[in-house]
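Colleague: The sequence shown begins at 4 in the numbering used here and counts up one residue at a time. The C-beta atom is built at its ideal place from N, Cα and C for all residues, glycine as well. Before I ask anything, here is the structure I am working with.
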Amino acid sequence: MAGFRDAPNAGPSATAGGTLLFATLGGSAASESAMSGSFDFVPSAEVHDAEGRLTIRLELPGVDAGDISVSATDRLLEIRGEKRSDVQRRSGDHYATDRSFGAFSRGFALPYAIDPDRIEAGFDRGVLTITVDKPAGSRSQVRRIAIRSATATVT
């Protein structure tokens with residue numbers, strides 16, 4: 004599926020049949036900063052293109068549905084959110100609270116214009132699933148192009 008990009012993380016990697024475009028990108032490991040309490044979070048993504056629909060699944064463990072937003076503009080689908088962690092410990096008369104937080108954003112550039120009315124999103128057990136109906140005529144067509152040289156035309 005040429006033309007599909009996940010910005011800014013990685014390029015496409017097609018598998019057999021060309022249906023799975025991305026497999027677990029970026030990872031969800033967080034590199035914590037003890038000084039600020041913030042961390043880097045890049046949700047893993049899986050993209051599947053079949054039967055006139057594009058399905059994007061993002062792993063968002065520990066993120067609440069209310070902290071996620073999905074937006075579509077022209078050919079860009081963008082997912083933003085915030086992950087928060089608040090851990091309290093008690094040991095005898097001592098209390099400790101560890102808080103960390105961080106915002107994330109993933110963008111997916113598509114090779115066709117997106118109709119916002121044809122996008123659905125659902126969130127279940129830490130997995131955000133977004134389906135985008137492809138517009139009619141957006142299916143890829145392979146066409147062999149003749150190469151002209153000074154001596155002959157090669158097809």
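Would you say S86 and F107 are within 8 Å of each other, going by their C-beta atoms?
Modeller: In the sequence as presented, Ser is not what sits at residue 86; that position holds Lys. Yes, Cβ-Cβ distance for K86 and F107 is below 8 Å.
Colleague: To the nearest angstrom, how far is it from the Cα of L80 to the Cα of F104?
Modeller: 24 Å
Colleague: Would the stretch 94-101 count as touching the stretch 123-130 if we require 3 or more Cβ pairs under 8 Å?
Modeller: no
Colleague: Tell me the residue span of the beta strand (DSSP E) that contains V50.
Modeller: 48-53
Colleague: Please report the straight-line C-alpha distance between E54 and V66, rounded to a whole angstrom.
Modeller: 30 Å
Colleague: Is it right to say D52 is buried, meaning 16 or more other beta carbons lie within 10 angstroms of its own, or is it exposed?
Modeller: buried
Colleague: So is L28 buried or exposed if we call it buried at 16+ other beta carbons inside 10 Å?
Modeller: In this prediction, L28 scores a pLDDT of 33, lower than 50, which makes its location untrustworthy; no coordinate-derived value is stated.
Colleague: Distance, Cα to Cα, K137 vs G69?
Modeller: Straight-line measurement puts the Cα of G69 at about 27 Å from the Cα of K137.
Colleague: Of all the options Q91, V135, G84, V50, which has the alpha carbon lying nearest to the alpha carbon of T76?
Modeller: V135
Colleague: Relative to the alpha-carbon of I59, which residue among I148, I150, A124, A139 has its alpha-carbon at the smallest distance?
Modeller: A124
Colleague: In three-state terms, what does DSSP make of A68?
Modeller: DSSP places A68 in helix when its eight states are reduced to three.
Colleague: Counting only runs of 3+ residues fully inside the stretch 100-158, write out the beta strand (DSSP E) ranges in chain order.
Modeller: 122-127, 130-136
Colleague: Bridge partners of L57, per DSSP?
Modeller: D52, V135
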